[in-house]
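See structure below.
In our numbering, the protein residues as written are 3 to 318.
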């Protein structure tokens, strides 16, 4: 009996090792394919690539399991919309995702905003947003900036670094090392300081704020250890990091979004400072402040539902 048990244990151990090796090899192959794809896409015109990717994803997206999740999310968020309206929004979601993916290798070429240049440029600022941006850049104070997976969500970081705003961007590092390096190279061109989500990320962010930097982060996805908020009338969890930072370092909180416009154009909008909620002691109320931020994001999405990433489990 002991011999059989020992043999079974050795076989199980060998099987686990084999699975780990297979997973590692698959990661290497997938990583190399992604790297080649990113490098290859840079050889093509970004606008034509964006058009091609949008058509592909508009056709292929409905065949993927995420389409059902997106439909369920949209139906819950917009119960007044017909099935045909929901499907039309979802097609737009896939189109936007395809364009965003195709534009990623060209990030260093997309940002062409020049306030003194012609209006035919790719990027435009709302006039009041430009005034806020200049004040934010020149006041010598730190600030917290939130964004959402709306339009092209990579572009807000370009706006900061391209126009002299001392910025630090919190981002989620890809699991595959090769992809992480390739993505890092693209993002590092003109996105300011990049801070990967990790155990020491809050400390790095605090240091950036203490030097007067403007820290940006995406805050619209479900966070297991988050605070409770209401989003489209349904309870969910939000990552409280930005509100906790505001509680520790008193600084303004702004929201930024980049709206996708026809003709491969983008419109940048920066909100006025979002007034944080306070507790009885006058300190920032983390949960209530996250609700205020979540409500701003919801208002953005209601304007352009086809440009938000409905394909993840925001409610659980």
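C-beta: ideal position from N, C-alpha, C; glycine also.
Here the structure is a predicted model, which means the values were calculated and not measured.
*For residue 98, the first and last residue of its enclosing alpha helix (DSSP H)*: Working through the chain shown from its first residue, we reach residue 98 at position 96. Where residue 98 is concerned, the enclosing alpha helix (DSSP H) stretches over 85-105.
*alpha helix (DSSP H) containing residue 75: first to last residue?*
Numbered from its first residue, the chain shown carries residue 75 at position 73. That run of the alpha helix (DSSP H) goes 67-79.
*Own chain partners of residue 294 with C-beta closer than 8 Å, once the 5 adjacent residues on each side are dropped*: In the chain shown, residue 294 corresponds to position 292, counting from 1. Taken in chain order, the residues that qualify are 276, 277, 278, 279.
*Residue interval of the beta strand (DSSP E) (run including residue 132)*: One-based indexing of the chain shown puts residue 132 at position 130. Residue 132 -> not in any beta strand (DSSP E); alpha helix (DSSP H) instead, spanning 129-140.
*Buried versus exposed, by CB contacts within 10 Å (16 or more), residue 52*: Start at 1 with the first residue of the chain shown, and residue 52 comes out as number 50. The residue is buried, with at least 16 neighbouring Cβ atoms inside 10 Å.
*Spatially closest choice to residue 312 from 133, 265, 71, 85, by CA coordinates*: Position 310 of the chain shown, counted from the start, is the residue given in the question as residue 312. The shortest Cα separation from residue 312 among 133, 265, 71, 85 belongs to 71.
*Endpoints, alpha helix (DSSP H) assigned at residue 1*: What the structure shows of the chain is the stretch from 3 to 318, and residue 1 is not part of that stretch, so it cannot be assessed.
*Per DSSP, residue 259 is paired with what?*
As a first step, residue 259 must be located in the chain shown, where it is residue number 257. In the DSSP output, where bridge partners are listed per residue, residue 259 has 271.
*When we look at the beta-carbon of residue 301 and count the other beta-carbons within 10 Å, is it buried (16 or more) or exposed?*
The sequence position of residue 301 within the chain shown is 299, counting from 1. Exposed is the call here.
*Quick check: the segment 280-299 against the segment 229-248, are there 3 or more CB pairs under 8 Å?*
Contact between the segment 280-299 and the segment 229-248 is present, with at least three C-beta pairs closer than 8 Å.
*Supposed contact pair residue 266 and residue 124 - C-beta distance, whole angstroms, cut 8 Å*: As a first step, residue 124 is located in the chain shown; it is residue number 122 there, counting from the start. As a first step, residue 266 is located in the chain shown; it is residue number 264 there, counting from the start. Between the beta-carbon of residue 124 and that of residue 266 there is about 6 Å, and that keeps the pair under the 8 Å contact cut.
*Can you tell me the Cα-Cα spacing of residue 65 and residue 58, whole angstroms?*
Along the chain shown, read from residue 1 onward, the residue named residue 65 stands at position 63. Along the chain shown, read from residue 1 onward, the residue named residue 58 stands at position 56. Roughly 11 Å separates the two Cα atoms.
_Closest to residue 318 by C-alpha separation, out of 263, 103, 227, would be which residue?_
Along the chain shown, one-based indexing puts residue 318 at 316. With distances taken between Cα atoms, residue 318 lies closest to 227.
*Cross-strand partners of residue 147 (DSSP beta bridge)*: As a first step, residue 147 is located in the chain shown; it is residue number 145 there, counting from the start. Bridge partners of residue 147: 218, 256.
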